[in-house]
Structures are given as C-alpha cells and as structure tokens.
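Please read the structure below before turning to the comments.
Numbering (the working numbering), first residue to last: 10 to 224.
Structure, rendered in structure tokens:
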C-alpha cells in the first residue's frame, strides 16, 4: 500500500513539474512579446538565403544593438518597444493618406500605414546599427549587395540598384524591369540600395504601393 502511495505521489510530482515548465514557457513567451525582455545573443541576422531568391524575411531588418528584427507589417507599438520612441517626423503626407513618417535614433526612418510598417529606410547616420537580413549595412562596399541578393537587380543603375519581388501564394518571385513602371500592387515589394561617391548611402524596403507614390 505504501509503495502504491509513493508511486502516486511520484506521478503527481512529475505532472506538477511538467505543468510548471509549460506555465513558465507560456508566460515567458507573452512577456517577451509585450516587454521584449528576452535578448538574443546573436549580433548578426539568422537567415539562410539564396541569391536571386526572396522570402518574407527580405522584408525585415536587423537591429545589431538590440539583436532584434523589425518586420514589414509590424505594429508601431512593437517597433518602439524594440528601438524606442521616434525623435521627429520625417515628412508630411496628404490627409487622404493614412501614413506617418518618423525618424528614430541611429539613422532609421519608418513609414507606418494605419500604424503598421510599410517603409523602412536605413540612412548613413546609422553607423551600421541596422542591417538587412542578409547582413548588408552601410559599412558594406557599394556593390556587396549584388553578391548576396543577385547580380541582376530588377533595376540596375549607376546611382543604385533595386530588387522587386512579388508574393504569389506563399512564395516570392523576382520581377524584371518591365514590371516596374506600372506596378503599385500591395503584394509587390522592393529593396533598394543607393550609392553616392562610390559608397552605399541608404537602404530602403517597402511595398510598391508606397514606393511608387512617395519614394
């Protein structure tokens, strides 16, 4: 009888331990989402990419200081929990467009549409705090992005290169230059690298609805 009681107590102890572990995991997940208190140790993005092929992760950037990514479509409140409050407005838009453009420390500008990220601009004031998910920042050479993104951008010029890609079902395909002129589709995106005096001076990521109208 005593042995049976010990077995029952042992089973209850294991069940309580498993329940406690699950509870800590769930609470940790929600607290991290709300307060951003779990910090990654990696100082570079974790992305297994292939040149000339694109995924949703190409719409993100990586903050090498906070070791967190900032996503296209992310809510403004979540962005500011990672990088802090904005320091000023970047530009004004017509009242008919529900857009807000804000400047953040270390050379980052973000445009929100209805409080969600639609345009990310990394500028030369950033001292390489922000990089793309393929680890390209403004400390890179003016053509380094061609190696990791592909040697044939959608638009190739002396001043800069742009890759345009469209979401089709759950995958992305790169578009050619003929698709650029008229495309303002919300399922089409761009990532651009601008050069000046043989240096990379800015990197932008956005949907084409914003890019064609305002950028």
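Even for Gly, the Cβ is constructed at its ideal location relative to N, Cα and C.
- At least 7 Å separates the beta-carbon of residue 201 from that of residue 173.
- Leaving aside the five residues that flank residue 181 on each side, the residues in its chain whose CB is nearer than 7 Å to its CB run, in chain order, 63, 64, 174 and 175.
- Note that the stretch 155-170 touches the stretch 197-211; at least 3 beta-carbon pairs, one per stretch, sit closer than 8 Å.
- Using a Cβ-Cβ distance cut-off of 8 Å, the stretch 126-145 and the stretch 70-81 are in contact, since at least three pairs of beta carbons, one from each stretch, lie closer than that value.
- Within a 10 Å sphere around the beta-carbon of residue 163 sit 16 or more other beta-carbons, which makes this residue buried.
- For residue 109, the secondary structure class from DSSP, reduced to helix, strand or coil, is strand.
- Contiguous beta strand (DSSP E) elements confined to the stretch 126-151 occur at 139-141, taking only those with 3 or more residues.
- No Cβ-Cβ contact shorter than 7 Å links residue 158 with residue 72.
- Counting along the chain, residue 98 sits inside the beta strand (DSSP E) bounded by residues 97-100.
- When the Cα atoms are used, residue 179 and residue 148 turn out to be separated by approximately 33 Å.
- Shortest Cα-Cα distance from residue 107 to any of 98, 120 and 209 involves 120.
- If you draw a straight line from the Cα of residue 130 to the Cα of residue 211, it comes to about 7 Å.
- Nearest neighbour of residue 112 by Cα position, chosen from 85, 105 and 103, turns out to be 85.
- The residue among 59, 186 and 66 with its C-alpha nearest the C-alpha of residue 83 is 66.
- Under the three-state reduction of DSSP output, residue 215 falls in the strand class.
- One thing to note: residue 132 has its Cβ no nearer than 7 Å to the Cβ of residue 150.
- Going by C-alpha positions, residue 89 is about 11 Å away from residue 96.
- Spanning the alpha carbons of residue 105 and residue 217 requires a straight line of approximately 18 Å.
- A distance below 7 Å separates the beta carbons of residue 54 and residue 142.
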